[in-house]
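Trainee: Heads up: the protein sequence lines correspond to chains A and Y, in order. Sequence positions in the first sequence follow the numbering used here and run 1 to 337. Sequence positions in the second sequence follow the numbering used here and run 338 to 847.
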Amino acid sequence: MLKKLIAGVVLVSSIVYASSEVNVYSHRHYDSDKQLFKMFEDKTGIKVNIVKAKANELMMRLEKEGKNSPADIFITADVGRLYLAQSKGLFQKIDSQYLNETIPEQLREKDGYWFGLTKRARVIVYNKDKVKPSELSTYEDLTAPKWNKRVIIRKSSNIYNQSLLASMIDSQGREKAKIWAEGIVKNMGRAPTGSDRDQMKAVVAGVGDVAIVNTYYVGQLLNSKKSNEVMVGKKMGVFFPNQGEGERGTHINISGAGVTLSSKNRDNAIKLLEFLASPEAQKVFAEANYEYPANPNVKASKLIQSLGTFKEDSIELYKYGVYNAEAVKIFDEVNWK
Amino acid sequence: MVILPIILIVFYGLGTDGENLQHLKDTVLLKYIGTTAKLLLFVSILSLIFGIGSAFIVTFYEFRFQKTYTIGLVLPFVIPAYILGFIYSDIFGYYSYLHIFLMDLGFKNYFDVLNFNTVSFVLALALYPYIYLMVRASFLKNANTLLRPALSLGMSKEKALFRVVLPLNRVAIVGGLSLVLMETISEYGVVSYYGVDTLSTAVFKSWFDMGDSGSASYISSIAMIFILVILLIEKFSQGRARYTAESASLPFEKIKLKGIKAFFVHTFLSIPLLFGFVLPFIWIVNYTFKYAKERIDEEFFIVILNSFVASAFASFIIIILAVILAYTYRLAPSIYTKYINKFASLGYSMPGAVVAIGIIILFADFDHYLIENFGFKELLLSGTLFALVFGYVVRFLAVGLSSVLSSFEKVELNINKASRNLGKTPLQTLFQIELPLLKNSLIIAYILVFIDTIKELPLTLILRPFNYETLATKTYELAINEMVQESAVYAFCIILICFIPIIFNLKDHK
């Protein structure tokens, strides 16, 4: 009798335990996310538990913990990692009508293994004093002789650069992608170092005239509490490359999430994803971090809207993951630090 | 047990083919090895100059503010290298306030700080206190017996420095230096931000970017070769130097400095003090006041508590383990015990993230075993505080062990022998005679380890349980999101917590 009672209590408590929380492994380190999880907790009473670290390291933890992993959701800041997690069998299919209706097809995996939550564009920024937008056209054009010693970009270990090169491998083949990377290395104003913000500071300081960065960093500079950073932001022009007739469009990437195969709180995990895709949450993503919302019914922040609209590269995003390893190798071959 | 994760890492990939190895060899590997060697060289030279130079001056000379310097020169130790790196980029980078100010004055050319030289400088500043602390303790011990006779025999001071002081304190010098070198090899945060590619970069690239554990373990073994060389040099320096020193050092007379010589001394000492501590500290205090209001909430105090508890607990275990290992070696100094000690220290020379993965592999396998064979419902150890503390122990045992070993050296072996001749067991001797004699050194060892753990970042990020933040992870999270200034509040707490034991300790040490 006592045994049954204990078993019952354990069972009940584990159900209560299980139904009231959701465990997240996330690569996103933003204050906005903390705010969103709090909103979700207040709304549903489901507690959100988080471990934050780099995507690759969390993926390794997920892999080793295997089917016993406590994680329910894995969030990354890049689609290549989502693909990698999927191909390692870490995600499960989710069939949520709400997610399928809310998130555009290009931004989610076709079988529901992962969903994009925010979108960022990798654009060319230029020093308004030195470069006219009419001189700019495509990523490929930055390898032209006229840009010699004028291009600034961060290291090849950066995932956004890897995905950009992967997209080129897909659209033009390995050879041409390698020639592009070689050309950029030749035109670099300095050896790659620092963050995206540092690249823009170097441009304003005259180390180069153009840089390749993610859009939200421009927003962050313009809204910085430091006057020198605002100055840098104001001197930057933003150019969306590859917009011409027949050109493939500006490179975009997503930050997104999937439900883990090991998930023990699957329903809560889906609820959380649906919440993150909802207009209420998407607004927070857009305003707090200057990202483009994945939900097309939500507008980007005023500041990001002021940069104008643009044609996006319509590549199937998972390909960034397919060609990631190849991209890393090309960078090494052309000596892109 | 402590060595297991390291062994796992080195051998984990050996079975796999390491398909990217050839690629790495063809392209970047040689360059990375070269950069690593160069970085080790630069950091050694700079930290030796800062460490030995300042230890020598504050020990043997008397001048104004000498006591302030004595304490102050330890302080760069409390600022984590990655924070120092972010701060330097913020203060001196392109379009910093300094740069704008200089432009307003009409200066056209400005320097880029995001490069190799800054990394060498930053690492030397953050790490030289290891050398300073160990060498100064050694100087204090040997001052009377060594320097005075040499000087009274008519040797010039310079000659005495190079002929007597440095050789006779080489154990401490090399001991401190080897810690500096191991930290440099395992460093990833600063080097990656500043665009300097070392072997750590290659390990991260092959394992985390390419998912290729085979190549990663190959590269880790190259890093191990560097470490073995360092350990060999250390061993060589110790040689037969198991001399039994005077047990009590009498107070000795310091040489008084005035005028131009004093000026030089001040200039020399103020470089590490100013750049390693004062400047970054002013920066941190400034932004702490600016952002304190936004950042201090309930979570803030939980974060402090988390940091404090995990570090205090891990340091405690490390010191106990270190005493056991060191005492075993003391009683039975065989090659076997010696190598156990060396191996136990290897975790220190590996990037924290790599150690963390080793521990995840170890604990996950253990947990799966429990689940499959003993009906456990969920992971027992993985993702717990225990895993994190275990990680700290693996990573920082070397720091505790080397300080405990060197403090045992200071107590004459004869005392131990005498006690045991009088019928006490080895354990009684340890607890009743030796540990009380070593109390102060053990406290210092504890503080060193404590500071290292509280600053620890990469391993904490990966191994931590859900919702677990430490001061280091919070600082990093803000800094990496390019909100460096807002991270100041947390950096300030790290410094404050480290401050207290240091000040207390140095006070009664003179």
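Just so you know, even glycine gets a beta-carbon here, dropped at the ideal spot from N, CA and C.
Y/ASP546 versus chain A: which residues are under 9 Å apart at the beta carbon?
Mentor: Working through the second sequence from its first residue, we reach residue 546 of chain Y at position 209. Near Y/ASP546 (Cβ distances below 9 Å), the residues of chain A are ASN56, SER157, ILE159, GLN162, ASN324, ALA325, VAL328.
Trainee: If you compare alpha carbons, which of Y/GLY689, Y/VAL602, Y/LEU514, Y/ALA782 is closest to Y/PRO838?
Mentor: Position 501 of the second sequence holds residue 838 of chain Y. It is Y/ALA782.
Trainee: What did DSSP end up calling Y/ASN818 once you bin it into helix, strand or coil?
Mentor: Taking the second sequence and counting its residues from 1, one reaches residue 818 of chain Y at position 481. In the structure shown, Y/ASN818 sits in coil (DSSP, three-state: anything other than H, G, I, E or B).
Trainee: Between which residues of its own chain and Y/GLY737 is the CB-CB distance below 6 Å, once the five residues before and five after are set aside?
Mentor: Residue 737 of chain Y sits at position 400 when you count from the first residue of the second sequence. Residues of the same chain with a CB within less than 6 Å of the CB of Y/GLY737, apart from the 5 flanking positions on each side, are ILE655, ILE656, ALA659, ALA782, VAL786 in chain order.
Trainee: Hey, is the segment 374–394 of chain Y in contact with the segment 459–477 of chain Y, meaning 3+ C-beta pairs nearer than 8 Å?
Mentor: yes
Trainee: CA-CA distance, A/SER13 and A/SER20?
Mentor: As a working note, residue 13 of chain A is residue 13 in the first sequence. As a working note, residue 20 of chain A is residue 20 in the first sequence. In this predicted model, A/SER13 has a pLDDT of only 43, less than 50, meaning its place in the structure is not dependable; the value taken from the coordinates is given anyway. If you take the alpha carbons of A/SER13 and A/SER20, they lie about 11 Å apart.
Trainee: Leaving out five residues before and five after Y/PRO617 in sequence, what residues of the same chain have Cβ atoms less than 7 Å from its Cβ?
Mentor: Taking the first residue of the second sequence as 1, we reach residue 617 of chain Y at position 280. ILE416, LEU421, ILE424, listed in sequence order.
Trainee: Consider the Cβ of Y/TYR525: report whether some Cβ of chain A lies at a distance smaller than 8 Å.
Mentor: Indexing the second sequence from 1 puts residue 525 of chain Y at position 188. No, Y/TYR525 does not count as interfacial toward chain A.
Trainee: Can you tell me which of the three DSSP states Y/VAL730 falls into?
Mentor: Locating residue 730 of chain Y in the second sequence gives position 393, counting from the first residue. Of the three classes helix, strand and coil, the one that applies to Y/VAL730 here is helix, per DSSP.
Trainee: Quick check on Y/THR807: does DSSP put it in helix, strand or coil?
Mentor: What you label residue 807 of chain Y is simply residue 470 of the second sequence in a count that begins at 1. It is coil, neither helix nor strand.
Trainee: Hey, does A/ASP33 have any beta-carbon neighbour from chain D nearer than 8 Å?
Mentor: No chain D appears in this structure, whose protein chains are A and Y.
Trainee: Over the uninterrupted alpha helix (DSSP H) stretch that includes A/TYR126, give me the two end residues.
Mentor: On the first sequence, residue 126 of chain A is found 126 positions in, with the first residue counted as 1. First-last for A/TYR126: 115–127, but that is the beta strand (DSSP E), not the alpha helix (DSSP H).
Trainee: What's the call for A/PRO70, buried or exposed, on a 16-neighbour Cβ count within 10 Å?
Mentor: Start at 1 with the first residue of the first sequence, and residue 70 of chain A comes out as number 70. Its Cβ being crowded by 16 or more others within 10 Å, A/PRO70 is buried.
Trainee: So Y/TYR447 contacts chain A; which residues on that side make the cut at Cβ distance below 8 Å?
Mentor: Indexing the second sequence from 1 puts residue 447 of chain Y at position 110. Near Y/TYR447 (Cβ distances below 8 Å), the residues of chain A are ALA205.
Trainee: Mapping the DSSP letters down to three states, classify Y/ASN506 as helix, strand or coil.
Mentor: Working through the second sequence from its first residue, we reach residue 506 of chain Y at position 169. Coil, per DSSP.
Trainee: List the residues of chain Y whose Cβ lies closer than 8 Å to the Cβ of A/GLY194, in chain order.
Mentor: On the first sequence, position 194 is the one that residue 194 of chain A refers to. By Cβ distance, chain Y contributes SER426, GLY430, LEU451, TYR530, TYR531, GLY532.
Trainee: Within its chain, find whatever has a CB closer than 8 Å to the CB of A/LYS93; leave out the 5 residues flanking it on each side and keep chain order.
Mentor: Taking the first residue of the first sequence as position 1, residue 93 of chain A is located at position 93. Same-chain partners within the cutoff: ASP111, GLY112, TYR113.
Trainee: Any beta carbon from chain A within less than 8 Å of Y/ASN758's own beta carbon?
Mentor: By one-based count along the second sequence, residue 758 of chain Y stands at place 421. By this cut-off, Y/ASN758 is not an interface position.
Trainee: If you reduce the DSSP assignment to three classes, tell me which class A/TYR30 lands in.
Mentor: On the first sequence, position 30 is the one that residue 30 of chain A refers to. DSSP places A/TYR30 in coil when its eight states are reduced to three.
Trainee: Once the 5 residues before and after Y/SER543 are set aside, which same chain residues still bring their CB inside 7 Å of it?
Mentor: Taking the first residue of the second sequence as 1, we reach residue 543 of chain Y at position 206. For Y/SER543, where only same-chain residues beyond five positions count, the Cβ hits under 7 Å are ASN357, LEU361, ASP549, SER552, ALA553, ILE556.
Trainee: For a test of the three-state rule: what should DSSP assign to A/ARG108, helix, strand or coil?
Mentor: Counting from 1 along the first sequence, the entry for residue 108 of chain A is found at position 108. Residue state, collapsed to three classes: strand.
Trainee: Can you say whether A/GLN97 is buried or exposed, counting buried as having 16 or more other CB atoms within 10 angstroms of its CB?
Mentor: Locating residue 97 of chain A in the first sequence gives position 97, where the first residue counts as 1. It counts as exposed.
Trainee: Measure how close the beta-carbons of A/SER278 and A/GLU287 come, nearest whole angstrom, since I'm counting them as under 8 Å.
Mentor: Counted from its first residue, the first sequence places residue 278 of chain A at position 278. Counted from its first residue, the first sequence places residue 287 of chain A at position 287. By a beta-carbon distance limit of 8 Å, A/SER278 does not contact A/GLU287. Their separation comes to about 15 Å.
Trainee: In whole angstroms, what separates the C-alpha of Y/LEU722 from that of Y/SER644?
Mentor: Start at 1 with the first residue of the second sequence, and residue 722 of chain Y comes out as number 385. Start at 1 with the first residue of the second sequence, and residue 644 of chain Y comes out as number 307. Y/LEU722 and Y/SER644: Cα-Cα distance of roughly 11 Å.
Trainee: Below 8 Å on C-beta distance, what does A/TYR30 contact in chain Y?
Mentor: By one-based count along the first sequence, residue 30 of chain A stands at place 30. Correct list: ASN818.
Trainee: Can you tell me whether Y/GLU583 is buried or exposed, with buried defined as 16 or more other CB within 10 angstroms of its CB?
Mentor: Here residue 583 of chain Y is taken as the residue at index 246 of the second sequence, counted from 1. Unreliable placement is indicated for Y/GLU583, whose pLDDT of 45 sits below 50; the coordinate value is still reported in the next sentence. Y/GLU583 comes out exposed.
Trainee: Is A/VAL123 closer than 8 Å to A/VAL22 when the C-beta atoms are compared?
Mentor: As a first step, residue 22 of chain A is located in the first sequence; it is residue number 22 there, counting from the start. As a first step, residue 123 of chain A is located in the first sequence; it is residue number 123 there, counting from the start. In this structure, A/VAL123 does not lie closer than 8 Å to A/VAL22 by Cβ.
Trainee: Determine the DSSP secondary structure at A/MET236, reduced to helix, strand or coil.
Mentor: Stepping through the first sequence from its first residue, residue 236 of chain A is reached at position 236. A/MET236 falls in the strand class under three-state DSSP.
Trainee: Tell me which residues share the same chain as A/ALA7 and place their Cβ nearer than 6 Å to its Cβ, disregarding the 5 neighbours each side in the sequence.
Mentor: Counting from 1 along the first sequence, the entry for residue 7 of chain A is found at position 7. For A/ALA7, the predicted structure reports a pLDDT of 47, less than 50, and the residue's modelled location is therefore unreliable. The matter cannot be settled from this model.
Trainee: Could you tell me the boundaries of the alpha helix (DSSP H) in which Y/ASN608 lies?
Mentor: Translated into the one-based positions of the second sequence, residue 608 of chain Y becomes position 271. The amino acid at residue 608 of chain Y is misidentified as Asn; the sequence shows Ile. Looking at the DSSP string, the run of the alpha helix (DSSP H) that includes Y/ILE608 is 596–610.
Trainee: Mark A/VAL204 as exposed unless 16 or more other C-beta atoms lie within 10 angstroms of its C-beta, in which case mark it buried.
Mentor: One-based indexing of the first sequence puts residue 204 of chain A at position 204. By the neighbour-count rule (16 or more Cβ atoms within 10 Å), A/VAL204 is buried.
Trainee: Counting only beta-carbon separations shorter than 8 Å, does A/VAL232 have a partner in chain Y?
Mentor: Here residue 232 of chain A is taken as the residue at index 232 of the first sequence, counted from 1. Closer than 8 Å to some Cβ of chain Y, the Cβ of A/VAL232 qualifies, so yes.
Trainee: Excluding the 5 residues preceding and the 5 following Y/SER391 in the sequence, name in chain order all residues of the same chain whose CB lies nearer than 7 Å to its CB.
Mentor: Locating residue 391 of chain Y in the second sequence gives position 54, where the first residue counts as 1. Same-chain partners within the cutoff: LEU410, TYR469, LEU606, PRO609.
Trainee: Would you mind reading off the limits of the beta strand (DSSP E) that contains A/ILE254?
Mentor: Numbered from 1 along the first sequence, position 254 holds the residue referred to as residue 254 of chain A. A/ILE254 -> beta strand (DSSP E) spans 252–259.
Trainee: Which residue's Cα is closest to the Cα of Y/VAL602: Y/TYR827, Y/THR396, Y/THR812, Y/ILE840?
Mentor: Sequence index remark: in the second sequence, residue 602 of chain Y carries index 265 (1-based). Checked all of Y/TYR827, Y/THR396, Y/THR812, Y/ILE840; the closest Cα to Y/VAL602 is Y/THR396.
Trainee: Residues of chain A with CB under 8 Å from Y/GLU793, in chain order?
Mentor: As a first step, residue 793 of chain Y must be located in the second sequence, where it is residue number 456. Chain A residues near Y/GLU793: none, gap ~13 Å exceeds 8 Å.
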